[in-house]
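Residue numbers (my numbering): 1010 to 1218.
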């Protein structure tokens, strides 16, 4: 009967082979319990049965390639080996190990969740950066194509002002005063290098500068 309990786990394709090896070490302690305590078979709430159930639940949540290279493996192995070495007749050790395993898995879940949040944030930042770059390039491109600009001004807009627009877009957004100011400054620069045919325009240029 004990063998049948383990076979259910060993035959489950969703349980990684690495975990099956760890679970297999529990057969001797479980056999000892079954011989000494007949309630092992009658009570699903038996501490040893609950530990086995917990191991099964944990196994189903682990990746298929779970093996000794996974940091979690060594910690689980240590806990289970302590049970194998330490169990005599005190059933409390099963509950203790089960609680430690649950705490370990909760810790791992928290770590994975944090990693996922970081990954999502990184993706969002990459998408925002890509959008910002596209919008900034369109703003500069529209002005470059609409005006005949001196080489140094053209180079400045493409190599320097484009970076500023990208940065403002990411940090402040297109609805911000900073974005509007950056576009207006670009327009004023372009206007300032165009020929001024009237005294009024030259005065305005002096005031703008």
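Backbone N, C-alpha and C define an ideal beta-carbon position, used for all residues, glycine too.
So residue i and residue j are supposed to be a Cβ contact under 8 Å. How far apart are they, rounded?
{"i": "residue 1191", "j": "residue 1171", "result": "Not really, about 10 Å apart at Cβ, beyond 8 Å."}
{"i": "residue 1024", "j": "residue 1069", "result": "7 Å"}
{"i": "residue 1092", "j": "residue 1022", "result": "Between residue 1022 and residue 1092 the Cβ distance is about 26 Å, and since that is not below 8 Å, they are no contact."}
{"i": "residue 1029", "j": "residue 1040", "result": "Actually they do not touch by this definition, with Cβ atoms about 17 Å apart."}
Once the 5 residues before and after residue i are set aside, which same chain residues still bring their CB inside 6 Å of it?
{"i": "residue 1042", "result": "1049 and 1057"}
{"i": "residue 1100", "result": "1056"}
{"i": "residue 1156", "result": "1199"}
{"i": "residue 1143", "result": "none"}
{"i": "residue 1108", "result": "none"}
Near residue i, what residues of its chain come up, given a Cβ to Cβ distance below 7 Å and the 5 sequence neighbours on each side ignored?
{"i": "residue 1195", "result": "1152, 1166 and 1170"}
{"i": "residue 1067", "result": "1110 and 1114"}
{"i": "residue 1076", "result": "1027 and 1082"}
{"i": "residue 1138", "result": "1179"}
{"i": "residue 1187", "result": "1177 and 1181"}
Among the options, which one has its Cα closest to the Cα of residue i?
{"i": "residue 1063", "options": "1103, 1012 and 1022", "result": "1103"}
{"i": "residue 1082", "options": "1093, 1114, 1097 and 1054", "result": "1114"}
{"i": "residue 1053", "options": "1127, 1014 and 1135", "result": "1014"}
{"i": "residue 1204", "options": "1159, 1182 and 1176", "result": "1159"}
{"i": "residue 1141", "options": "1124, 1180 and 1126", "result": "1180"}
{"i": "residue 1118", "options": "1207, 1161 and 1072", "result": "1072"}
{"i": "residue 1182", "options": "1027, 1145, 1080 and 1065", "result": "1145"}
{"i": "residue 1088", "options": "1112, 1046 and 1123", "result": "1112"}
{"i": "residue 1047", "options": "1079, 1011 and 1020", "result": "1011"}
{"i": "residue 1106", "options": "1045, 1035 and 1124", "result": "1035"}
{"i": "residue 1045", "options": "1150, 1080 and 1097", "result": "1097"}
{"i": "residue 1120", "options": "1080, 1136, 1154 and 1074", "result": "1080"}
Skipping 5 residues on each side, what residues in its chain have a beta carbon closer than 8 Å to that of residue i?
{"i": "residue 1201", "result": "1214, 1217 and 1218"}
{"i": "residue 1162", "result": "1198, 1199 and 1202"}
{"i": "residue 1095", "result": "1102"}
{"i": "residue 1031", "result": "1064, 1082, 1085, 1086 and 1089"}
Classify residue i: buried if its beta carbon has 16 or more other beta carbons within 10 angstroms, exposed otherwise.
{"i": "residue 1177", "result": "buried"}
{"i": "residue 1033", "result": "exposed"}
{"i": "residue 1027", "result": "buried"}
{"i": "residue 1211", "result": "exposed"}
{"i": "residue 1134", "result": "exposed"}
{"i": "residue 1148", "result": "buried"}
Ends of the alpha helix (DSSP H) at residue i?
{"i": "residue 1199", "result": "1186 to 1201"}
{"i": "residue 1016", "result": "1011 to 1019"}
{"i": "residue 1065", "result": "1056 to 1070"}
{"i": "residue 1150", "result": "1101 to 1155"}
{"i": "residue 1158", "result": "Unbroken run through residue 1158: none, as it is neither H nor E."}
{"i": "residue 1210", "result": "1208 to 1217"}
{"i": "residue 1096", "result": "Element bounds for residue 1096: n/a, residue is neither H nor E."}
{"i": "residue 1049", "result": "1048 to 1051"}
{"i": "residue 1172", "result": "1171 to 1180"}
{"i": "residue 1041", "result": "1036 to 1045"}
{"i": "residue 1026", "result": "1026 to 1033"}
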